[in-house]
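In this note's numbering, the protein residues as written are 357 to 575.
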């Protein structure tokens, strides 16, 4: 339907197909770990771990289409198709009706939902989606576990409590952990870099989370 858009398989449905041949808690945990990897290096390490356990998951996740089973290639934080399932669950209650009546009911349902969402957006206290605002607030509190070092030209080196290191470029809005690039919200390393340079992390959130764009999408 949208051939030029990014597509990603629902991990829950992938696992339902996968568990018919590969049962057990360990296989389930490794499969979800693979799906959650935010970087190409992490994905390769997780695949190798599953291979070492004798589980042939490579064909399932990679050979069909690399972008459909890997988080680091899709700009989304969703793992399952919860939105589609909710819509289908509501629609199937009306499937016994005549097709014209069914289309009319779907139209009315969507119309009411859009109006409801527009009213909710107008009541936002901030210029960004409230859920994103809460995420940023939480990460600002948690960012104290990292130690920043400014290396010039908008670059910061972040060292975590496990001695892990990540390079942040606040000008390009990127981090080596890849989370900032994936979802458009500064990661914990990016937020600390922004705070260290006296910048507001809210100003570095992707425009898709802004109030005005939500209003445009709902009209």
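All C-beta atoms, glycine included, are put in the ideal place defined by N, C-alpha and C.
Whose CA, out of the options, lies closest to the CA of residue i?
i, options, result
"residue 559", "489, 384, 371, 394", "489"
"residue 407", "476, 383, 505, 566", "383"
"residue 492", "503, 510, 536", "536"
"residue 543", "568, 496, 381", "496"
"residue 569", "396, 369, 473", "473"
"residue 574", "397, 393, 475", "475"
"residue 366", "381, 388, 380", "388"
Could you spell out where the beta strand (DSSP E) holding residue i opens and where it closes?
i, result
"residue 505", "503-508"
"residue 511", "511-515"
Can you list, in chain order, the residues of its chain with a C-beta nearer than 6 Å to that of residue i? Leave out the 5 residues immediately preceding and following it.
i, result
"residue 522", "514, 531, 532, 533, 545"
"residue 552", "504"
Does DSSP put residue i in a helix, a strand or coil?
i, result
"residue 530", "strand"
"residue 435", "Per-residue confidence for residue 435 stands at a pLDDT of 49, beneath the threshold of 50, marking its modelled position as unreliable; the derived number appears in the next sentence. If DSSP states are grouped into helix, strand and coil, residue 435 belongs with coil."
"residue 479", "coil"
"residue 554", "coil"
"residue 369", "helix"
"residue 566", "strand"
Within a Cβ cutoff of 7 Å, which residues of the same chain sit near residue i, ignoring the five residues on either side of it in sequence?
i, result
"residue 525", "510, 511"
"residue 502", "514, 515, 516, 544, 545, 548"
First and last residue of the alpha helix (DSSP H) that includes residue i?
i, result
"residue 561", "Per DSSP, residue 561 belongs to no alpha helix (DSSP H) and is neither H nor E."
Got a sec? Which residues, its chain only, sit under 8 Å from residue i by beta carbon, not counting five neighbours each side?
i, result
"residue 453", "461"
Segment contact flag, the segment 456-474 with the segment 552-566, C-beta cutoff 8 Å, min 3 pairs: The segment 456-474, when compared against the segment 552-566, does not touch it at the 8 Å Cβ threshold.
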